[in-house]
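Engineer:
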Amino acid sequence: MSQMSGERPLRIRAVTEADLEADLPLIVRLDADAFPHGPYPYFVLRQLVTACADLVYVVHDGTDLYGYVLGTAPNDAQSWVLSLAITPGLRGKGFGRRLMTKLLAQLRAKGAHSVRLSVEPRNDSAIALYRSLGFVPDPDGPHVGYFGPGEDRLLMTLTL
Ligand SMILES: CC(C)(COP(=O)(O)OP(=O)(O)OC[C@H]1O[C@@H](n2cnc3c(N)ncnc32)[C@H](O)[C@@H]1OP(=O)(O)O)[C@@H](O)C(=O)NCCC(=O)NCCS
1 MSQMSGERPL RIRAVTEADL EADLPLIVRL DADAFPHGPY PYFVLRQLVT
51 ACADLVYVVH DGTDLYGYVL GTAPNDAQSW VLSLAITPGL RGKGFGRRLM
101 TKLLAQLRAK GAHSVRLSVE PRNDSAIALY RSLGFVPDPD GPHVGYFGPG
151 EDRLLMTLTL
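Sequential numbering from 1 applies to the sequence shown in the working numbering.
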C-alpha cells in the first residue's frame, strides 16, 4: 500500500492516453491491494484502460494514486462499472462515492440509460454504496458461479 499524501490535496481526474504510462503501474498496484485474491492482470488493465478512454477516473495527489474507477462506454445504452477501488487507508472518507458520481455523470453524458455491475455478495460496504447511488440488485439474488465455481456475484443495475 502506498503512503498517504501528507499535505497535498487529493483530487479526482480522468486518465488520458498521456497519463497511461505513469498511471498504469499505480492502478495495477491499487487493484492488487483491493482484490488480493483476484486482481486484474497488468495486460488486462492495460487494455481496459485504453478501451475505456474517458471513463477511468483516479484519486491522486499529483504524485501517487489512491483510488480508481473504470466503466465501459454505453453499448445499446448500457454501460458496466468494471472496477472500483480505494486504497485501504483512505476508505470511508467519501472517495469511492465521489469516483462513482463522476463516472455516472460521464456515462449519462455519453448516452447510457442503465449501468450494470457485479459485486461479491458479502461485500457489504460496496453494496451499501451502490444501493445509496440507486443501484438495485437483480431480483433472483446472487448469480451462482458467475466467475466460476464458488465465485458467486450479485448483479446490480442503475437506471439513469
Ligand atoms: C467499496 C469501496 C470502493 C468504497 O469506497 P469508500 O471510499 O470507502 O466509500 P465512501 O467513503 O465513499 O462511502 C460511500 C458509502 O459506502 C458505504 N460504506 C463505505 N464504507 C462502509 C463500511 N465500512 N460499512 C458499511 N458501508 C460502508 C456507505 O453507504 C457510504 O455512504 P455514507 O458515506 O453515506 O456513509 C472501498 O471500500 C474499497 O475499495 N473496497 C475494496 C474494493 C472493493 O470491494 N471494490 C468494490 C468491488 S465491486
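Heads up, the beta-carbon is just placed ideally off N, CA and C, and yes, glycines get one too. These numbers were taken from a predicted model, which means no experiment stands behind them.
Which residues mark the beginning and the end of the alpha helix (DSSP H) in which G96 is found?
Structural biologist: Where G96 is concerned, the enclosing alpha helix (DSSP H) stretches over F95 to A109.
Engineer: Under a Cβ-count criterion, where at least 16 other Cβ atoms within 10 Å of its own Cβ denotes burial, should A85 be classed as buried or exposed?
Structural biologist: Classification for A85: buried.
Engineer: Am I right that M156 and L117 are in contact with their C-beta atoms under 8 Å? What's the rounded C-beta distance?
Structural biologist: About 6 Å; that satisfies the 8 Å criterion.
Engineer: Within 8 Å, do at least three Cβ pairs link the segment 62-74 to the segment 96-113?
Structural biologist: Yes, the segment 96-113 is in contact with the segment 62-74.
Engineer: I believe G96 touches G67 by the beta-carbon criterion, under 8 Å. Please report the beta-carbon distance rounded to the nearest angstrom.
Structural biologist: Between G67 and G96 the Cβ distance is about 7 Å, and since that is below 8 Å, they are a contact.
Engineer: Considering only C-alpha positions, which residue in the set L20, T16, V59 and L82 is nearest to G89?
Structural biologist: Residue V59 is the option with its Cα nearest to G89.
Engineer: Exposed or buried, S83, counting other C-beta atoms within 10 Å across all chains shown (16 or more means buried)?
Structural biologist: Counting Cβ neighbours within 10 Å, S83 comes out buried, since at least 16 surround it.
Engineer: Kindly indicate which three-state DSSP category V144 falls into: helix, strand or coil?
Structural biologist: In the structure shown, V144 sits in coil (DSSP, three-state: anything other than H, G, I, E or B).
Engineer: What residues come near ligand 1, if near means a beta carbon less than 6 Å from any of its heavy atoms?
Structural biologist: Counting every residue whose Cβ lies closer than 6 Å to a heavy atom of ligand 1, we get A34, L84, A85, I86, R91, G92, K93, G94, F95, G96, R97, V119, N123, D124, S125, A126, A128, L129 and S132.
Engineer: Going by C-alpha distance, which of L30, A22, T101 and V44 is nearest G62?
Structural biologist: If we check each option's Cα against that of G62, A22 comes out closest.
Engineer: Output needed for V56: all residues of its chain with C-beta closer than 6 Å, excluding positions within five of it in sequence on either side, in chain order.
Structural biologist: Closer than 6 Å at the Cβ level, and outside the excluded window around V56, lie V15, V49 and L70.
Engineer: Per DSSP, which one or two residues make a beta bridge with Q78?
Structural biologist: According to DSSP, Q78 bridges with N75 and S114.
Engineer: Pick from F35, P149, D54 and V136: whose alpha carbon is nearest that of T87?
Structural biologist: Selected option, being the one with the closest Cα: F35.
Engineer: Mind checking who S83 pairs with in its DSSP beta bridge?
Structural biologist: Answer is L70, bridged to S83.
Engineer: Per DSSP, which residues does V136 bridge with? Please list them.
Structural biologist: Answer is T157.
Engineer: Of the choices P121, L160 and E7, whose alpha-carbon is the least far from that of G141?
Structural biologist: Answer by Cα proximity: P121.
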